[in-house]
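A.B. asks: Let me give you the structure first, and then I'll get to my questions.
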Amino acid sequence: MTTQRRAGGEFSAFGTLVLGLMVACGAEMNEFSEEEPSLIGASAALVEPRDGRELFFGRCPTAADARGRTLHVSKTGPWDPSQPLGSSANPYRTLTAALKAAQPGYVIDVRPGSYAEKLVISPTTTQAGTATAPIVVRGASDWRSRIIPPSDRVVGSLLTVSQPYWIFQSLEVNIQGKPSFGALFERNTYCSQLIDSRMHAGTAGGAVVISNANNVLIDNSEIYDFSKKDSDSHGVVLKNASREIFILANNVHATSGDGVQCQTDGNRPAFIFIEYNDLHGTGENGVDIKGCDSVFVRHNTMYNFPNLTRYPWQATTSAAEAVVIHEDATNIQIVSNVISRAGRGISVGGTAPLARPVDILIRNNTISDIYNFEKRGNGQGIRIVQANRVQILANLVQRTADAGLRLAADEPLEGIGISVYDNILRDMGLFVRLGRPRYRPMMEMDRNRYEGPGGRFTATDLVYQGEFPEWRSKLAPEGMEQNSVRIP
80 MTTQRRAGGE FSAFGTLVLG LMVACGAEMN EFSEEEPSLI GASAALVEPR
130 DGRELFFGRC PTAADARGRT LHVSKTGPWD PSQPLGSSAN PYRTLTAALK
180 AAQPGYVIDV RPGSYAEKLV ISPTTTQAGT ATAPIVVRGA SDWRSRIIPP
230 SDRVVGSLLT VSQPYWIFQS LEVNIQGKPS FGALFERNTY CSQLIDSRMH
280 AGTAGGAVVI SNANNVLIDN SEIYDFSKKD SDSHGVVLKN ASREIFILAN
330 NVHATSGDGV QCQTDGNRPA FIFIEYNDLH GTGENGVDIK GCDSVFVRHN
380 TMYNFPNLTR YPWQATTSAA EAVVIHEDAT NIQIVSNVIS RAGRGISVGG
430 TAPLARPVDI LIRNNTISDI YNFEKRGNGQ GIRIVQANRV QILANLVQRT
480 ADAGLRLAAD EPLEGIGISV YDNILRDMGL FVRLGRPRYR PMMEMDRNRY
530 EGPGGRFTAT DLVYQGEFPE WRSKLAPEGM EQNSVRIP
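What follows is the structure, encoded as structure tokens:
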């Protein structure tokens, strides 16, 4: 398995552990270039790591681990100068002052109000937390503690975190239409977290940007209303050599770009966990993976792509995929997601010569009601344009405008080592569209179930809009589909 061939630099202890497990379980490790791709089939099982939350909190503290002094911040007082600064009776007047005073284990209690500040957590402005004593910045319930932009200038990000073991909880970040990020995590961010918060109303390229950061958690937060006119504004952006990032249980919607985008901007992000999120109503895609390594997209709900009512300029910029994997991404696992109302369900590979992802697992997803977005040849449940070693296992695909599975049918692009087993395809006019055998070498396909009153099959040069008996007969010389069944 080629899991980290271009992540750059040394593996972290976590990455080494995951790869060690893969090797121990018999997964293959092979180095090869895109110009001469390996022809090893996709029969070796891809090892699926543990739940992201379990992995993160197996080594990182929670907010409850901050047991030191509480510093109070208030916009309205009361202020009793006879009491210690930062006490409940004499709170700090600015968050910046409280951040500067905080020590490991402290909790900063942010009372209700609007704080027009740029918050910078860096080695020159604040202390770092520790593994046993994180620093927690906690807002009031119902997001009544609001961070808003300074009135005298435009800032790059309202919150910038470059220190380990800082936890931001129950805050509202309202960018108020300014071209600023809501939060930027960069450099040494080990075990830093943004949790239980709300972020909205920005016009920069993203809401939460994670750049060259390590071991960050974005959890149980709502991210919405980010729009860059005639361009993309993503909910969460992962770029540069960001590693071991956990995007868990968030509600991301109403962004003009993607819900989550992983991109190579200089270096390659790796070991990214996108789990249990609700991603919907964005201008382009739910999850867009461009040239990243070891990305695990699991247990998410993704629907309603694209949102052209809010973002009409995005009508021609994507195929409105729930998940798109392209460029030269490696070791991508799309598992147990629920996808509906998109231009394509899951799309792998692009048309550029090097846009060939490697080692892709698509397992146990439910994909429904996929439509032909803009009538541009979309409408597939799962589409493999070009890739090397793809496993499509135990998915339910139903009600697609075009083929439930379109596999290596974008000739002369190749899908090498595609395995298709134990899937259910239901209620569609075209169950499967295959390219010619020479464009899908080492393909395996069997034990699939085709349900519904209609539904035909097409394989270039073999069968066109054929019924199931003809389909199975034509694929018999390749040893494919002989144990699959058709249920009217």
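80 is the number of the first residue of the sequence shown in my numbering; add one for each residue after it.
For glycine and all other residues, C-beta sits at the position ideal for the given N, C-alpha and C.
All of these numbers come straight from a predicted model, not from anything done at the bench.
#1: Is the distance from the Cβ of residue 179 to the Cβ of residue 204 below 8 Å?
#2: Whole alpha helix (DSSP H) runs in the region 374-417 with 4 or more residues, listed along the chain?
#3: State the CB to CB distance for the pair residue 568 and residue 335, rounded to an integer number of angstroms; the pair is presumed to be in contact (CB under 8 Å).
#4: Let me confirm a value: residue 430 is counted as buried when at least 16 other C-beta atoms fall within 10 Å, else exposed. Which label applies?
#5: Could you tell me which of 247, 221, 220 sits nearest to residue 174, measuring between CA atoms?
#6: Identify which residue in 529, 558, 378 has its Cα closest to the Cα of residue 413.
#7: Could you check how far apart the C-beta atoms of residue 580 and residue 476 are, in whole angstroms? I think they sit under 8 Å.
#8: Run through DSSP, which three-state label would residue 557 get?
#9: Buried or exposed: which applies to residue 564, given that a residue is buried once 16 or more other Cβ atoms fall within 10 Å of its Cβ?
#10: Once the 5 residues before and after residue 118 are set aside, which same chain residues still bring their CB inside 8 Å of it?
#11: Relative to the C-alpha of residue 277, which residue among 224, 324, 289, 321 is closest?
#12: Is the separation between the beta-carbon of residue 281 and that of residue 264 shorter than 8 Å?
#13: Please return the same chain residues whose Cβ sits closer than 6 Å to the Cβ of residue 440, not counting the five positions on each side in sequence.
#14: Would you call the CB atoms of residue 352 and residue 131 closer than 8 Å?
#15: Just to check my reading of the structure: residue 499 and residue 523 have Cβ atoms closer than 8 Å, yes? What is that Cβ distance to the nearest angstrom?
#16: Mapping DSSP to helix, strand and coil, what is residue 519?
#17: Taking the alpha-carbon positions, what's the residue 393 to residue 364 distance?
#18: What is the rounded straight-line gap between the Cα of residue 553 and the Cα of residue 358?
#19: What span of residues does the alpha helix (DSSP H) with residue 179 cover, start to end?
#20: Please classify residue 109 as buried or exposed, where buried requires at least 16 other C-beta atoms within 10 Å of its C-beta.
#21: Who are the near neighbours of residue 340 in its chain, counting only those whose CB is closer than 6 Å to its CB and skipping five residues on each side?
#22: In the DSSP assignment, the alpha helix (DSSP H) including residue 135 goes from what residue to what residue?
#23: Under a three-way DSSP split, which group does residue 442 fall into?
#24: By Cβ distance below 6 Å, which residues in the same chain neighbour residue 290 in space, the five residues on each side in sequence not counted?
#25: Taking the DSSP output, what are the residues bridged to residue 192?
#26: Can you list, in chain order, the residues of its chain with a C-beta nearer than 6 Å to that of residue 417? Leave out the 5 residues immediately preceding and following it.
#27: Where residue 294 and residue 135 are concerned, what is the direct C-alpha to C-alpha distance, given to the nearest angstrom?
#28: Would you identify the three-state DSSP class for residue 301, choosing helix, strand or coil?
#29: Measuring alpha carbon to alpha carbon, tell me which residue in 257, 372, 230, 201 is nearest residue 242.
#30: Alpha carbon to alpha carbon, what distance is there between residue 551 and residue 300?
#31: Alpha carbon to alpha carbon, how far is residue 435 from residue 448?
#32: Does DSSP classify residue 101 as helix, strand or coil?
#33: Select from 188, 213, 297, 181 the residue whose C-alpha is nearest the C-alpha of residue 168.
#34: May I ask you to list the residues that DSSP assigns as paired with residue 369?
#35: Let me make sure I understand the geometry here. Which of 231, 504, 191 has the alpha-carbon closest to that of residue 219?
#36: Just to confirm my understanding: we take residue 333, look at its own chain, exclude 5 residues before and 5 after, and list those with CB closer than 6 Å. What are they?
C.D. replies: Considering the structure as presented:
#1: Taking 8 Å as the Cβ cut-off, residue 179 and residue 204 qualify as a contacting pair.
#2: The alpha helix (DSSP H) runs of length 4 or more contained entirely in the region 374-417 do not exist; there are none.
#3: What the structure shows of the chain is the stretch from 80 to 567, and residue 568 is not part of that stretch, so it cannot be assessed.
#4: Exposed, since its Cβ has fewer than 16 Cβ neighbours within 10 Å.
#5: Per the Cα distances, 247.
#6: Of the candidates 529, 558, 378, the residue whose Cα lies closest to the Cα of residue 413 is 378.
#7: Here the chain comprises residues numbered 80 to 567, so residue 580 is not present and cannot be evaluated.
#8: Judged by DSSP in its simplified three-state form, residue 557 adopts helix.
#9: Around the beta carbon of residue 564, fewer than 16 other beta carbons lie within 10 angstroms, which makes this residue exposed.
#10: With a pLDDT of 38 at residue 118, under the threshold of 50, the modelled position of this residue cannot be trusted; read the value that follows with caution. Spatial neighbours of residue 118 in its own chain (CB-CB distance under 8 Å, excluding positions within 5 residues in sequence) are listed in chain order as 495, 496, 520, 521.
#11: Here the closest residue by C-alpha is 224.
#12: No.
#13: So the list reads 125, 412, 470, once near-sequence residues are dropped.
#14: In this structure, residue 352 sits near residue 131, with a CB-CB distance shorter than 8 Å.
#15: At roughly 7 Å, the Cβ-Cβ gap stays under 8 Å, so residue 499 and residue 523 are in contact.
#16: Residue 519: coil per DSSP, three-state reduction.
#17: Each residue's Cα considered, the two are about 10 Å apart.
#18: Their backbone Cα atoms lie some 40 Å apart in a straight line.
#19: Counting along the chain, residue 179 sits inside the alpha helix (DSSP H) bounded by residues 174-180.
#20: Since pLDDT at residue 109 reaches only 34, below the 50 mark, its modelled position is unreliable, and the value read off the structure follows with that caveat. So residue 109 counts as exposed.
#21: Result list for residue 340: 313, 316, 367, in chain order.
#22: 131-136 is the span of the alpha helix (DSSP H), which, as asked, contains residue 135.
#23: Strand, per DSSP.
#24: If we look at residue 290 and ignore the five residues flanking it on each side, its Cβ neighbours are 265, 318, 319.
#25: Residue 192 pairs with 224.
#26: So the list reads 380, 445, once near-sequence residues are dropped.
#27: Pairing residue 294 with residue 135, the inter-Cα distance amounts to about 8 Å.
#28: Here residue 301 sits in strand by DSSP.
#29: It is 201 whose Cα lies nearest to the Cα of residue 242.
#30: The straight-line gap separating the alpha-carbon atoms of residue 300 and residue 551 is approximately 48 Å.
#31: Computed Cα separation, rounded: 27 Å.
#32: The predicted model places residue 101 with a pLDDT of 42, which falls under 50 and marks its position as unreliable, so this point remains unresolved.
#33: The shortest C-alpha separation from residue 168 is found at 188.
#34: 405, per the DSSP bridge assignment.
#35: Nearest C-alpha to residue 219: 191.
#36: Here the set comprises 303, 304, 360.
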